[in-house]
Every structure is written in structure tokens, then in C-alpha cells.
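There are 2 protein chains.
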Amino acid sequence: MRRVSIADVATGAGVSISTVSAALNDVESARISPRTRDRIRQVAGDLGYVPNGLARNLRRQRSGIVGFIGDEVATTPFAVRMILGAQEALREAGLLMVLMNSQGDPALEAREIAALRQQQVEGILYASMYHRRLDPPESLRGVPTVLLDAESRDPAVSWVVPDEVAGARAAIDELVTHGHRRIGFVNNEEDIPAARLRLRGYRAALKRAGIGADPALVRIASPTVEGGYGAARELLARRDRPTALFYFRDVMAIGAYQAAREARLDVPADVSIVGYDNMPHVAEGLFPGLTTVELPHYEMGAWAVRQLLASNSGGAGPGRHARLRGKLIRRGSVSAPPRPSGG
Amino acid sequence: MRRVSIADVATGAGVSISTVSAALNDVESARISPRTRDRIRQVAGDLGYVPNGLARNLRRQRSGIVGFIGDEVATTPFAVRMILGAQEALREAGLLMVLMNSQGDPALEAREIAALRQQQVEGILYASMYHRRLDPPESLRGVPTVLLDAESRDPAVSWVVPDEVAGARAAIDELVTHGHRRIGFVNNEEDIPAARLRLRGYRAALKRAGIGADPALVRIASPTVEGGYGAARELLARRDRPTALFYFRDVMAIGAYQAAREARLDVPADVSIVGYDNMPHVAEGLFPGLTTVELPHYEMGAWAVRQLLASNSGGAGPGRHARLRGKLIRRGSVSAPPRPSGG
DNA sequence: GTGAAAGCGCTAACAG
DNA sequence: CTGTTAGCGCTTTCAC
Chain B
3 MRRVSIADVA TGAGVSISTV SAALNDVESA RISPRTRDRI RQVAGDLGYV
53 PNGLARNLRR QRSGIVGFIG DEVATTPFAV RMILGAQEAL REAGLLMVLM
103 NSQGDPALEA REIAALRQQQ VEGILYASMY HRRLDPPESL RGVPTVLLDA
153 ESRDPAVSWV VPDEVAGARA AIDELVTHGH RRIGFVNNEE DIPAARLRLR
203 GYRAALKRAG IGADPALVRI ASPTVEGGYG AARELLARRD RPTALFYFRD
253 VMAIGAYQAA REARLDVPAD VSIVGYDNMP HVAEGLFPGL TTVELPHYEM
303 GAWAVRQLLA SNSGGAGPGR HARLRGKLIR RGSVSAPPRP SGG
Chain F
3 MRRVSIADVA TGAGVSISTV SAALNDVESA RISPRTRDRI RQVAGDLGYV
53 PNGLARNLRR QRSGIVGFIG DEVATTPFAV RMILGAQEAL REAGLLMVLM
103 NSQGDPALEA REIAALRQQQ VEGILYASMY HRRLDPPESL RGVPTVLLDA
153 ESRDPAVSWV VPDEVAGARA AIDELVTHGH RRIGFVNNEE DIPAARLRLR
203 GYRAALKRAG IGADPALVRI ASPTVEGGYG AARELLARRD RPTALFYFRD
253 VMAIGAYQAA REARLDVPAD VSIVGYDNMP HVAEGLFPGL TTVELPHYEM
303 GAWAVRQLLA SNSGGAGPGR HARLRGKLIR RGSVSAPPRP SGG
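If you read the sequences in order, they're chains B and F. Per the working numbering, residue 3 is the first one in the first sequence, and the count goes up by one each step. Per the working numbering, residue 3 is the first one in the second sequence, and the count goes up by one each step.
In C-alpha cells:
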């Protein structure tokens with residue numbers, strides 16, 4: 003079963019290969035008669051002809067592929083959405099995506115980038131596993147690059163990250179709208195942009211709502227179920243306990259459900275909870291479902307591709323960037339606060 | 003900044019392009035003198051020459067790429083491990099992976115497979131989002147294919163799935179080893195291979211341990227936190243409550259923690275829990291950490307690649323398959339059962 | 001030891 | 001309207 007080439011189709015249809023090429027590619031300038039065109043199409047179909055992309059790409063001097071390289075992306079459940087967003091945008095543009103993973107090893111990363119360059123990739127999407135600032139690796143120089151979920155120290159390189167401030171604000175606004183005024187925030191103890199920016203958003207939203215900040219209601223904890231549980235335990239044990247809790251992360255919010263259950267407090271009647279991440283299988287699986295802020299991973303993937311394509315066609319330019327908003331996903335964990343029980 | 007080609011290197015080194023090619027590829031038969039070879043290497047380095055993979059592949063008649071196509075893989079947090087396992091195995095073989103996602107749309111899937119064929123992929127990894135039986139799509143005919151996390155109805159196609167029976171057995175063995183004899187099983191209510199096979203493993207392990215099966219201890223529930231919670235509530239309320247619970251899925255086991263907390267039962271002192279999936283951020287984030295059976299996604303990805311490469315070099319053959327064991331991950335949710343409180 | 005030449009399968013000028 | 005021709009950049013006989 004030898005592969006059928008354009009020559010076979012030409013022979014079969016009794017025309018030259020250039021006619022076949024023009025007919026199959028609908029080349030306007032080459033005015034092929036409808037009859038010949040149909041005949042060629044017919045023969046090509048019968049033979050099961052599939053143009054050889056290798057030859058085509060070599061001739062066209064474009065590979066039609068874009069590289070996606072992640073550090074430890076594979077360890078986060080959100081990575082897939084980013085990849086998906088990029089892949090679908092690429093599909094629309096008729097491009098393919100080659101996926102690589104560097105495991106955070108710079109030497110390996112350099113080899114992978116070399117392999118991508120060798121394949122003449124038209125651009126590289128360089129994804130971080132979490133929102134941070136970084137220097138694009140030297141080996142990317144000369145290849146159009148967009149950073150995903152990372153801010154570039156090099157202003158020439160484009161990047162896209164979530165708008166953490168807006169996300170936190172959306173969460174707090176949702177609680178304020180339901181009438182809450184004592185709103186706790188359990189932040190990630192790690193010193194990363196997301197933690198700093200969500201805290202800023204939390205404060206900004208409270209301020210705008212005319213609610214004074216009570217430092218006692220802001221806790222930091224390890225980004226685990228246990229961390230979230232411990233913080234909730236403390237906050238819910240207070241005489242003036244908050245009527246709502248905003249969590250840095252859905253996983254931490256699981257701990258809040260547990261603490262509430264233990265304290266015989268109902269979610270949301272006694273305490274409303276808002277998370278962050280919209281973690282698959284978790285946020286919607288909790289009961290009541292966890293209201294949470296979705297990270298715009300899909301959108302970041304798509305944005306990065308569009309930016310890549312734009313910079314490819316246009317000139318080089320200085321590099322652009324975006325902070326994308328995540329949607330607030332409303333589920334059952336937020337309601338009006340309980341009426342004060344006297345005192 | 004034009005791309006430097008082999009011709010530039012040849013000119014620079016004062017030799018012909020064939021000599022450059024032979025030198026750079028260490029072709030034994032062409033006996034290049036060490037001096038020329040070094041000179042060529044030097045010039046190539048200085049010029050930053052990178053061979054054009056497109057041209058090389060066209061000439062060699064192999065693309066060096068393998069396609070990975072998933073249905074809704076992108077929606078599951080485990081997909082990444084499968085992709086990672088495949089990617090690393092491919093890297094060792096010097097191959098690249100093109101990633102596609104069909105979203106479960108057969109028409110789209112056919113187009114994507116066509117695009118992969120056009121790129122002359124050397125094989126396709128066809129991944130399912132969960133363990134099931136399926137018919138490989140018609141469009142894959144003629145391309146070496148391996149199914150991941152799916153059993154093929156077509157015996158000509160190779161496949162790899164988790165060994166669900168062994169996984170469940172490992173979970174129960176762990177509990178039995180710790181002294182448990184009343185072990186509940188909360189299964190997924192969905193009628194899928196994983197549910198049937200894990201039940202079989204549960205029963206087999208009990209039998210082998212000489213423990214009679216008590217149908218009252220087997221429940222089915224929706225595969226959510228809530229489903230797991232409801233089942234745990236019922237089971238833990240029984241007079242003769244089980245001392246250990248085995249869950250179809252980590253997410254469901256979260257509900258068990260909540261039910262236990264509510265019933266003032268300690269995990270693991272009063273009730274031991276074993277999950278399934280080793281869900282990232284969840285299993286290790288719970289407290290105590292959830293002992294669970296890891297799905298061999300990484301290994302499935304790697305196995306599939308090896309099988310693909312083997313079938314590529316060897317003849318076609320009838321298609322092979324494997325059921326891979328997942329590891330039991332021990333954390334803090336299992337201990338010896340409580341001493342019976344009288345009765 | 002090294003070079004000339006052919007050709008992978010295709011597209012795109014240009015002729016006719 | 002259709003065919004001829006010239007490559008895309010590389011590898012690989014086969015001469016010398």
C-alpha cells in the first residue's frame with residue numbers, strides 16, 4: 003500500500019501535476035475548467051490522495067506548526083484548559099501544535115526549543131504553571147514568543163496573565179451584593195503575584211463598598227485543604243465571626259466546608275464561601291456547589307495564539323500584554339448573611 | 003536576518019554541501035578528514051546553522067512526529083499525566099508530539115486525523131477521557147494507532163488501560179493488612195468498566211482474605227462530593243458501621259471526610275478511608291492525606307509510545323494490549339480499626 | 001576524502 | 001485553460 007502522490011492523481015486524471023495542484027488548492031489565477039477540476043477531485047478522492055504536508059511546507063517555507071512549551075504545566079489540572087484554548091485557536095488558523103514539557107529543567111528546555119526551531123515552528127507559546135514574572139530563556143531569541151500565565155521581564159516579549167485584582171473584586175462584590183459586611187479572606191501564605199494581587203482586590207472592593215478593613219479577618223495559610231480548614235476554624239470561632247469567607251483557592255475552601263460542618267454551621271445559611279480556581283470535579287462537586295472565580299486559562303491560551311499570529315503577520319513591534327478577567331461562577335455557597343442573633 | 007542554510011555553511015567552510023551534511027551527521031561511510039570536519043563544525047556553529055527539519059524529513063520520508071488525539075481529555079486533570087508520559091517517551095525516541103482535541107465531535111475528529119495524516123505522522127495515540135470500550139474511528143485505518151485508557155473492539159488495534167481489578171484489590175489488601183474486616187465500598191453509580199471491575203477487585207480481595215461479603219456495605223452513588231457524603235452518612239450511621247471505607251474516587255472520598263467530621267468520627271482512628279485516582283491537589287491536600295490508588299496515566303502514555311514504536315519497526319501484527327497497575331499511595335487516612343466498643 | 005547529481009512531493013512563475 | 005520548469009533544503013548514492 004504505497005502512499006499516493008500528486009503524480010498518481012495526475013496520471014489518473016490525465017493531466018499534469020501542476021493542474022492537479024491548482025485544482026485541489028482552488029488557485030484562482032490558474033483557471034481550471036470545471037470539468038477537469040471535478041475529474042481531478044474525483045480521481046483524488048478515489049485514490050484517497052492526501053497531499054504530503056512535508057513537501058508542501060518545505061515548498062511554502064512555513065511549517066504550519068507552533069510550539070507549546072510548559073515548565074511543569076503537566077502537574078496542574080488547569081494546564082489542559084490553557085492548552086485547549088491555544089489548540090482551538092490554532093485549529094481555526096489551520097496550524098498544528100507541538101507540545102513539549104521541560105519539567106523546569108533549563109538544559110532540557112533549551113534542547114526542546116532547539117528541536118522546535120529545527121522544525122521551523124512559526125512561534126512558541128511559553129507557559130508557566132502559575133502566575134509569575136520571568137525572563138524568557140535566551141534560546142527563544144528570534145522566535146516569535148508569547149508567555150502564558152507569566153509576565154515577561156523582557157519588554158519585547160508579549161505575555162498574558164489573569165487579572166487577579168479584578169477576580170478578587172468580583173468575588174467580594176458578589177458577597178457585598180448579598181448583604182455581607184464581615185468578609186474574611188484566607189490568602190495563600192506563599193509570596194507570589196496572585197496572593198499579593200488578590201489581597202489588593204479584596205481591599206479595594208471592601209473600600210469601594212464603604213466597609214472598613216478588619217485585619218483580623220485576613221489570614222494566610224498553606225494552600226491545602228488543611229490550611230484552609232485551620233483558618234476557617236479560627237475565623238468561625240470568633241465572637242464576631244465573619245458571615246462570609248473568601249478563599250485564595252478552591253482546594254483551601256474544601257477545608258472551610260469541613261470546619262463549618264464541624265462547627266454545625268450551614269453553608270451558606272450561616273456562612274457564605276467563595277473560592278478561586280473553579281477546580282474541575284471539586285468546585286462543582288462540593289455541596290452546596292462552590293461559588294468561585296474561574297481562572298481564564300482557556301482565554302489566555304486563545305489570546306496568546308491570536309497575539310502570536312498578529313505579530314507574525316505584522317512587524318516585530320514592542321510586545322503586547324494582557325490581564326484577562328476570569329468569570330465568577332455562581333453556585334450554592336453564597337446567600338444573604340444570617341440575621342445577627344442578638345447582642 | 004535570513005535563515006542560514008547548509009549552502010551557507012558549505013561556502014563558509016569552502017566545501018560542498020554533501021560534505022557538510024556528512025560531517026554534521028557523522029556519516030561513517032563518508033570518511034571526512036578530522037580537520038575538515040572540525041572546520042565545518044566551527045563554521046556551522048559560528049553561523050548558528052540549524053538544519054531545516056522540513057527538508058530533512060521530506061528527504062528521509064519520515065516526519066518524526068506522532069499525533070495525540072483526545073476526545074475530552076482536556077477536561078480531566080489526569081489527562082496531563084498521560085500526555086506527559088507519552089511526551090517523555092517520544093522525546094527519548096527523538097520524536098515530536100502534535101496535540102489535538104476533538105471534544106467528542108466525530109466530524110471534527112475526522113478532520114483532525116486528516117490533518118495529522120497530511121503531516122505524515124508516524125503514528126497516532128488515541129486517548130479516551132475515561133476507561134471504556136470503543137471502536138477506533140474509520141479515519142485511523144492505515145495509521146499505526148494505540149488506544150489510551152480505552153479497550154479496542156477492533157482486535158487489530160493496540161490498547162492500554164488501567165488494571166482496575168488489581169487497583170481495587172490493592173486498596174482492600176491495604177485495609178485488611180491493617181486489620182479491617184468490615185470494609186464498605188462506595189462505588190460509582192455509572193455503568194462503566196471501572197465501576198464493574200473495581201467491584202470485582204473488592205470482592206476478590208475480601209474473599210481471599212476470608213471475609214464474607216456483606217451487600218449492605220456496598221453502595222452506589224453519584225461520583226461527586228455530595229454522592230460520597232450521602233453514602234458515608236448512611237454507612238457510618240449503622241449500628242455495625244464499617245471500620246473502613248473504600249471509595250471509587252477521591253472526589254467522592256472528600257464527602258466521607260465531611261460525613262466523618264460531622265459524626266465526630268476521627269479519620270483514621272474511627273474510620274479508615276481509601277480513595278482512587280490520586281487526584282492532584284486533593285488527595286495529598288486533605289487531612290489526613292488520603293491513601294489512594296493512583297491511576298497509571300503516565301505509564302499508559304509511555305507504554306502506548308513504546309508499543310507504537312515497536313509496531314512501526316516490526317511488522318503490523320495483530321495488536322497488543324496491556325492492563326497497567328496503579329500504585330497504592332499511602333498517606334494518613336488508614337490505620338488499624340478501633341477496638342469494638344463493647345457489644 | 002570529497003563533490004556532483006538526483007530526487008523527496010509539492011507550489012508557483014511563466015509559457016503556450 | 002493547461003503544461004513545463006525551477007526550485008524549497010536536505011540526504012544519499014556513486015564517481016573521481
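For each residue, glycine too, the CB sits at the ideal point set by N, CA and C.
Checklist entry - Which one of Leu86/B, Asn27/B and Val100/B has the shortest CA to CA distance from glutamine 105/F? => result Leu86/B
Checklist entry - Less than 7 Å separating the beta-carbons of valine 227/B and leucine 201/F? => result no
Next on the checklist: Suppose the cutoff is 7 Å on Cβ atoms and the five residues either side in sequence are ignored; what does the same chain contact list for glycine 328/F look like?
Outcome noted: Pro164, Gly169, Val295, Glu296, Leu297 and Pro298
Checklist entry - Does leucine 60/B get closer than 7 Å to chain F when you measure Cβ to Cβ? => result yes
Next on the checklist: Which of the three DSSP states is assigned to methionine 3/B in this structure?
Outcome noted: Caution is warranted here: a pLDDT of 45 is assigned to methionine 3/B, below 50, making its placement in the model unreliable, and the coordinate value is therefore given only provisionally. Coil at methionine 3/B, not helix or strand.
Checklist entry - Comparing the C-beta of asparagine 27/B with each C-beta of chain F, is any distance below 7 Å? => result no
Next on the checklist: I'd like to know whether the C-beta atoms of proline 282/B and glycine 334/B end up nearer to each other than 7 Å.
Outcome noted: no
Next on the checklist: For glutamate 191/F, tell me which candidate among Leu208/F, Ser160/F and Gly229/F has the shortest Cα-Cα distance.
Outcome noted: Gly229/F
Next on the checklist: Tell me the residue span of the beta strand (DSSP E) that contains tyrosine 278/F.
Outcome noted: 274-279
Item to check | Straight-line gap, histidine 180/F to leucine 237/F (C-alpha atoms, nearest Å) | outcome: 20 Å
Checklist entry - Apart from the five residues on each side of it in sequence, which residues of its chain come closer than 7 Å, Cβ to Cβ, to alanine 158/F? => result Pro320 and Gly321
Checklist entry - Which same chain residues, not among the five before or five after glycine 345/B, have their C-beta less than 8 Å away from its C-beta? => result Bear in mind that the predicted position of glycine 345/B carries a pLDDT of just 38, short of 50, making it too unreliable to give a figure here.
Checklist entry - CA-CA distance, tyrosine 128/B and phenylalanine 70/B? => result 6 Å
Item to check | Contact set between the segment 324-338 of chain F and chain B, restricted to residues whose Cβ is under 8 Å from the partner | outcome: none
Item to check | Cβ distance (whole Å) where valine 68/B is taken to contact leucine 97/B below 8 Å | outcome: 5 Å
Checklist entry - Along the segment 95-115 of chain F, what residues have a CB closer than 8 Å to any CB found in chain B? => result Leu98, Met99, Val100, Leu101, Met102, Asn103 and Glu114
Checklist entry - First and last residue of the alpha helix (DSSP H) that includes alanine 91/F? => result 81-94
Next on the checklist: So that I know if they touch, is there some Cβ in chain B lying closer than 7 Å to that of threonine 226/F?
Outcome noted: yes
Checklist entry - What in chain F is Cβ-close to alanine 57/B, meaning under 7 Å? => result Leu60
Checklist entry - For the alpha helix (DSSP H) that contains tyrosine 231/B, what are its first and last residues? => result 227-239
Item to check | Bridge partners - valine 163/F, DSSP secondary structure assignment | outcome: Arg325/F
Checklist entry - With respect to the alpha helix (DSSP H) encompassing isoleucine 8/F, which residues constitute its N-terminal and C-terminal limits? => result 8-15
Next on the checklist: Quick check on the burial criterion: 16 or more other C-beta atoms within 10 angstroms. Buried or exposed for alanine 261/B?
Outcome noted: buried
Item to check | Where glutamate 30/F meets chain B, residues with beta-carbon distance less than 7 Å | outcome: Those do not exist, as glutamate 30/F stays about 23 Å from chain B at its closest Cβ, beyond 7 Å.
Checklist entry - Using 7 Å as the limit for Cβ to Cβ distance, is glycine 344/B near chain F? => result Low confidence applies here, because glycine 344/B scores a pLDDT of 45, under 50, leaving its location unreliable; read the following figure in that light. It does not; no Cβ of chain F falls within 7 Å.
Item to check | Beta-carbon neighbours of leucine 288/B, restricted to chain F and to distances below 7 Å | outcome: Val227
Checklist entry - Going along the chain, which residues of the segment 236-257 of chain B sit with their C-beta nearer than 7 Å to a C-beta in chain F? => result Val253 and Ile256
Checklist entry - Which residues in the same chain have their Cβ closer than 8 Å to the Cβ of asparagine 314/B, if we skip the five residues on either side of it in sequence? => result Glu124, Gly125 and Pro146
Next on the checklist: Counting only beta-carbon separations shorter than 7 Å, does valine 82/B have a partner in chain F?
Outcome noted: yes
Item to check | DSSP three-state assignment for histidine 379/B, whether helix, strand or coil | outcome: For chain B, the structure presents residues 3 to 345; residue 379/B sits outside this window and is missing.
Checklist entry - Are the beta-carbon atoms belonging to proline 270/B and arginine 184/B less than 7 Å from one another? => result no
Next on the checklist: So, for valine 307/B: in the same chain, excluding its five sequence neighbours on each side, which residues have a beta-carbon less than 6 Å away from its beta-carbon?
Outcome noted: Ala88, Ala91 and Leu92
Item to check | For alanine 261/B, three-class secondary structure by DSSP | outcome: helix
Item to check | Per-residue burial, serine 160/F [other beta carbons within 10 Å of its own, 16 or more giving buried] | outcome: buried
Next on the checklist: Rounded to whole angstroms, what is the Cα-Cα separation between leucine 60/F and serine 130/B?
Outcome noted: 34 Å
Checklist entry - Where in the segment 89-139 of chain B do unbroken runs of the beta strand (DSSP E), each at least 3 residues long, occur, reported from the N-terminal end onward? => result 98-103 and 126-136
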